[in-house]
Structure formats: structure tokens, C-alpha cells
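Q: One structure coming up, written as C-alpha cells, with questions to follow.
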Amino acid sequence: VVLGCNNYEVVDLGVMVPAEKIIETAVREQVDIIGLSGLITPSLDEMVHIASELERQKLNFPLLIGGATTSKAHTAVKIDPNYHLNQSIYVADASRAVGVASKLLSNEQRDAFITDLQIEYEEVRKRTANRKPRGTTLPYSDAVNSGVKINWQDYTPPIPKTIGVQVLDDYPLDALVDTIDWTPFFITWELAGKYPKILQDEKVGEAARNLFADAQQMLKQIIDQKLIKAKAVFGLWPANTIHHDDIEVYADESQNEVLATLHHIRQQNRKPGASNELKSLADFVAPKETGITDYVGAFAVTTGIGVDELAKEYEAKGDDYNSIMVKALADRLAEAFAEHLHQRVRKEFWGYAETEALDNEALIKEQYQGIRPAPGYQACPDHSEKQSLFSLLDATNKTQISLTESFAMLPTASVSGWYFSHPQAKYFNTGKILRDQLESLAQRKNVPVEELERWLRPVLAEQD
Numbered sequence: 012v013v014l015g016c017n018n019y020e021v022v023d024l025g026v027m028v029p030a031e032k033i034i035e036t037a038v039r040e041q042v043d044i045i046g047l048s049g050l051i052t053p054s055l056d057e058m059v060h061i062a063s064e065l066e067r068q069k070l071n072f073p074l075l076i077g078g079a080t081t082s083k084a085h086t087a088v089k090i091d092p093n094y095h096l097n098q099s100i101y102v103a104d105a106s107r108a109v110g111v112a113s114k115l116l117s118n119e120q121r122d123a124f125i126t127d128l129q130i131e132y133e134e135v136r137k138r139t140a141n142r143k144p145r146g147t148t149l150p151y152s153d154a155v156n157s158g159v160k161i162n163w164q165d166y167t168p169p170i171p172k173t174i175g176v177q178v179l180d181d182y183p184l185d186a187l188v189d190t191i192d193w194t195p196f197f198i199t200w201e202l203a204g205k206y207p208k209i210l211q212d213e214k215v216g217e218a219a220r221n222l223f224a225d226a227q228q229m230l231k232q233i234i235d236q237k238l239i240k241a242k243a244v245f246g247l248w249p250a251n252t253i254h255h256d257d258i259e260v261y262a263d264e265s266q267n268e269v270l271a272t273l274h275h276i277r278q279q280n281r282k283p284g285a286s287n288e289l290k291s292l293a294d295f296v297a298p299k300e301t302g303i304t305d306y307v308g309a310f311a312v313t314t315g316i317g318v319d320e321l322a323k324e325y326e327a328k329g330d331d332y333n334s335i336m337v338k339a340l341a342d343r344l345a346e347a348f349a350e351h352l353h354q355r356v357r358k359e360f361w362g363y364a365e366t367e368a369l370d371n372e373a374l375i376k377e378q379y380q381g382i383r384p385a386p387g388y389q390a391c392p393d394h395s396e397k398q399s400l401f402s403l404l405d406a407t408n409k410t411q412i413s414l415t416e417s418f419a420m421l422p423t424a425s426v427s428g429w430y431f432s433h434p435q436a437k438y439f440n441t442g443k444i445l446r447d448q449l450e451s452l453a454q455r456k457n458v459p460v461e462e463l464e465r466w467l468r469p470v471l472a473e474q475d
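Spelled out as C-alpha cells, the structure:
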């Protein structure tokens, strides 16, 4: 996103815009400030690229850096050193952008503001350089030998009721309400506190109650009038782990046809007091050499069909509040759809937890058997694996969810991921990995190391 504060107007280019278009627009519109918002982790590397391009082209624009994936440390360590012609400035949230922009455009305040930032960022760089990693980092080969130990010979994988892909078209929105996690909704509006306790909070309780009432009214309107649509596709297939961290997905139990090979990342850092296990998602699927046929699943859901059009209707009326409300509710419904569908998979479609009886609080606390990790997040930080996921599901044709060049999903109110059923499967964070694993992964994926490094730079450990 590029924000131009030319005459205090905003030039909004939208989401996942190439660096070339951002810079071209900034020059053409003679903007005063460029703002970049990090939606997903590949955005972090793209921000570094934009800063380097501005430097190379000798262009002089302040850079505002923000968004969920960004941080002051990333701005100070990765972006700022690549751009000396002006200042890169981390902005913790959108509400502070106006104040920062005002200082940058003020002849009286600008120099002192930037001097203070430069001193602060230099301190951040020093702290980062002096920070020693906690725990012991193992070579990739040793990490593989420290994987999760599962007694496969005494385990019988549950067989899905149906093998292959299933589509849920125009899914009823009212079926998703019971699995909404409302806590992130309040965070979207910068109200801190867990639902439902936040409604009685001494400081923000009244604001939270008013917001929640408006949300309920809007949610009812969306459902009753069918203002947005929900679609889903999911699949369940035979599978086996190969090469320790890869999973072959088969068309059927004969295993004669390999539909895809999924590539996963293994922990390499053993933290003090933690388990000696260094996990990979591939640990939770039976190795091929056991002769056991195991299974994996994949899904993609969206509740974003029609959301942008509805939000623009409110914007055209000057009603920014309800425009944001619609988007926030669509995001919550998408996450609720992922939760709801996973529950149905466990109880019906895969059927390994037919007697499960968990309330929404237990679902939020992940007290169910199995996991649904999403590519690009902690347990599988490689966003490019969405290519395999979308190909297996034919997700774009079946749900209207598309992937951008940086593997963000559009509509943004969409969720995708994998299904694992083993009772020992738990969510985890891969943490930082070493270059030896990056090189192994690039070889297994048959892509250049430099290309994969772009996607995995946020999880690459600094090495001497």
C-alpha cells in the first residue's frame, strides 16, 4: 500500500502492489510520504527491496512501516540500513500515522524527530547484534535425528469416510456464528481484553459493549440479507512421510499416483527447559518405510465474497465505521468457518472424533485431537507451500480464492491450511532455522536457494 500525503490527500494503491508500481506512483503523484503495510511475512522482504530501490534510484521519500508482521527491530535492522536518502519509520498502529506524518511535514519538528529516531534505531541495532540466541542450535542432520518419536507399529491411522476433494458452496453463515472467536475482533478496534470479560472491563467495558452491540446488529443484517457468501473446499488423501520432512500425497490407497509432495520445516533450536524433540509437521504422518497408509487433509475457506463491494457501498456514503465493521466481521466469520469445518472433518468427514463434544471455549483453546496449521505461520512458515495446497484442492476454481504473487489470499477474509489427525500432533513454532536446512529444502523443492531465501528470510538465523 502506498499512502501519499500530498496536500493531505491519500493515494491508496490497494494490497500486494509490486515495488515498481509503488515507486512509479509516488514519483508521478509527487507524494510526500510512502506508507507500507506488512500483511504477511513475504511483505517484510518486499519492504527491504522497496527501500533499496528508492536508494538505487536516488529518490527521497520518508517510509512509514507498519502492519501485523512488522516491528521496530525489523525496520531498524533490515530496512533502515538500506535507505540513507531519507528515514524509515516504524509506526506501531494506524492511529499514530497522522502524528508521525505531521512531524515529518513540519519544518520545525522534522529534524529533531528524525535525529531522535536515528539514535533510537542505532540502539536497536546494537541490542540486536549483541543478542545471543537462547538454547542450542543443532545442524539440520542432528535436528532430523531429534524428531518426534511415534510408535507407528502400535498405531492404526483413522481412515477418512471419503477420499478426495469436497466443495461446500454458499455455506449458511448462521452455522458459523457459534464458533466465532470475538477476542481478536476487539483487538482490531484496539480494545484490549478477552471476550466476554472485556464487556465488563472497568476501563473499556462501555466502549466494548457498544461496539459488540453494533457488531451483532450488523452480523444479523449480513446473515438475514445474505450480503456476503461463504465457500469452502477441503480434501482428504492417503499420505506418507518421505525424506524425514516431506509428505507424499496419493490419489488413492494404491499409492501409484503421487498428487503432490509437501515440504515442511523442522525446528533446529532446542530451548532451555524445553523438550528434546525438534518437531516437523512431517513427524505426525507415518513414514513410507513403515508400510502403513496414513492420511492428511487440506482446506480453504472464505467468507469474503461480496465483502469489498459491501464495504465500498458504506464508504461511498461516508460511513467508514460500518465499512471497517463489515471487513472485521468477515474476518471473524472466516476464522469461524475454519473452526467449524475442522470440527465437521473430525466428527463426520474423517470421523476420528465422532463423539467429540467441545464448547466454543474449548475449541478456541484447541482441546481437540489433531491440528490445522496454515502455510506461512508458525509450524509451516513457508508461504510458497500454498501453491501445493491450492493445486491439490483446485481452490481458486472451486472457491474464488486466489493467490497473489506473494501468496496472500484474496478475498482477505479467507483461511487455508492442512489437517493432521495423529493424537500427538500439536501446534508449535519452528523458530529460526540454519542455512543448511534452507539448502536442503531448496534442493527437495527443486527451486533456487535464493528464491526460497526470499520467502524464508524472516525465519533464517543470522550466522557468522
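Numbering (the working numbering), first residue to last: 12 to 475. The C-beta atom is built at its ideal place from N, Cα and C for all residues, glycine as well.
Let me know if I130 comes out buried or exposed under the rule of 16 or more other beta-carbons within 10 Å of its beta-carbon.
A: Here the question's residue 130 lines up with position 119 in the sequence shown. Burial call: exposed.
Q: For E259, which beta-bridge partners are listed by DSSP?
A: Taking the sequence shown and counting its residues from 1, one reaches residue 259 at position 248. Paired residues: N251 and T272.
Q: In terms of residue numbering, what span does the alpha helix (DSSP H) encompassing D331 cover?
A: Here residue 331 is taken as the residue at index 320 of the sequence shown, counted from 1. Segment D331 to R355, the alpha helix (DSSP H) holding D331.
Q: Determine the burial state of E300: buried for a count of at least 16 other Cβ atoms within 10 Å of its Cβ, exposed for fewer.
A: Against the sequence shown, residue 300 aligns to sequence position 289. Result: exposed.
Q: When the Cβ atoms of the stretch 336–353 are set against those of the stretch 238–246, are three or more pairs found closer than 8 Å?
A: At 8 Å Cβ cutoff, the stretches touch.
Q: Which residue's Cα is closest to the Cα of E320: A341, F310 and A309?
A: For the purposes of this step, residue 320 is taken as the residue at position 309 of the sequence shown. Closest option to E320, Cα to Cα, is A341.
Q: Let's test the definition: count the other Cβ atoms within 10 Å of the Cβ of D256 and tell me whether it reaches 16, buried, or not, exposed.
A: Your numbering for residue 256 matches position 245 in the sequence shown. Label assigned to D256: buried.
Q: In the DSSP assignment, the beta strand (DSSP E) including D305 goes from what residue to what residue?
A: Looking up residue 305 in the sequence shown gives position 294. That run of the beta strand (DSSP E) goes D305 to I316.
Q: From the DSSP secondary-structure annotation, give me the bridge partner or partners of T147.
A: For the purposes of this step, residue 147 is identified with residue 136 of the sequence shown, where counting begins at 1. T147 pairs with R281.
Q: Using the Cα positions of V296 and G284, report the straight-line distance between them to the nearest angstrom.
A: Here residue 296 refers to the residue found at position 285 of the sequence shown. Here residue 284 refers to the residue found at position 273 of the sequence shown. C-alpha separation (whole angstroms): 26 Å.
Q: In this structure, how does DSSP classify H125 when only helix, strand and coil are distinguished?
A: On the sequence shown, residue 125 is found 114 positions in, with the first residue counted as 1. For clarity, residue 125 is Ile in the given sequence; the question names His instead. DSSP places I125 in helix when its eight states are reduced to three.
Q: Considering just the uninterrupted stretch of the beta strand (DSSP E) at S76, what are its terminal residues?
A: Translated into the one-based positions of the sequence shown, residue 76 becomes position 65. Looking at the sequence shown, residue 76 is not Ser but Ile. Element bounds for I76: L74 to G77.
Q: For the beta strand (DSSP E) that Q232 lies in, which residues bound it at each end?
A: To locate residue 232, count along the sequence shown from 1; it is residue 221. No beta strand (DSSP E) contains Q232, which is instead part of the alpha helix (DSSP H) from G216 to D235.
Q: Name the residue from G46, A311 and F418 whose alpha carbon lies nearest to the alpha carbon of A406.
A: Position 395 of the sequence shown, counted from the first residue, corresponds to residue 406. The option with the nearest alpha carbon to A406 is A311.
Q: Under 8 Å Cβ to Cβ from I66, same chain only, skipping five residues before and after it: list those, please.
A: Indexing the sequence shown from 1 puts residue 66 at position 55. The sequence given here places Glu at residue 66; Ile does not occur at that position. Within the same chain, E66 has close Cβ partners N93, Y94, H95 and L96.
Q: Can you tell me the Cα-Cα spacing of G110 and H351, whole angstroms?
A: The residue labelled residue 110 in the question sits at position 99 within the sequence shown. The residue labelled residue 351 in the question sits at position 340 within the sequence shown. Taking the straight line joining both Cα atoms gives about 41 Å.
Q: Less than 8 Å between C-beta atoms, sequence neighbours within five positions excluded: which residues of the same chain meet that for F360?
A: Numbered from 1 along the sequence shown, position 349 holds the residue referred to as residue 360. Here the set comprises P171, K172, T173, Q177, F245 and L247.
Q: Between the beta-carbon of E377 and the beta-carbon of Y438, is there less than 9 Å?
A: Counted from its first residue, the sequence shown places residue 377 at position 366. Counted from its first residue, the sequence shown places residue 438 at position 427. Contact flag set, yes.
Q: Is the beta carbon of T272 less than 9 Å from the beta carbon of S427?
A: As a first step, residue 272 must be located in the sequence shown, where it is residue number 261. As a first step, residue 427 must be located in the sequence shown, where it is residue number 416. No, the pair does not count as a contact, with Cβ atoms beyond the cut-off.
Q: According to DSSP, is P384 part of a helix, a strand, or is it coil?
A: Numbered from 1 along the sequence shown, position 373 holds the residue referred to as residue 384. If DSSP states are grouped into helix, strand and coil, P384 belongs with coil.
Q: If you run the structure through DSSP and keep just helix, strand and coil, what is Q164?
A: By one-based count along the sequence shown, residue 164 stands at place 153. Residue state, collapsed to three classes: helix.
Q: Output the distance between the C-alpha atoms of A224 and L374, rounded to the nearest integer angstrom.
A: Taking the first residue of the sequence shown as 1, we reach residue 224 at position 213. Taking the first residue of the sequence shown as 1, we reach residue 374 at position 363. If I take the Cα positions, the gap works out to 24 Å.
Q: Give every residue of the same chain whose Cβ lies closer than 6 Å to the Cβ of T86, excluding the five residues on either side of it in the sequence, and list them in chain order.
A: As a first step, residue 86 is located in the sequence shown; it is residue number 75 there, counting from the start. Closer than 6 Å at Cβ, skipping near neighbours: I76, S99 and Y101.
Q: Since I believe A79 is in contact with H60 (beta carbons under 8 Å), could you give me their beta-carbon distance rounded to a whole number of angstroms?
A: The count along the sequence shown starts at 1 and reaches residue 60 at position 49. The count along the sequence shown starts at 1 and reaches residue 79 at position 68. H60 to A79, Cβ: 19 Å. No contact.
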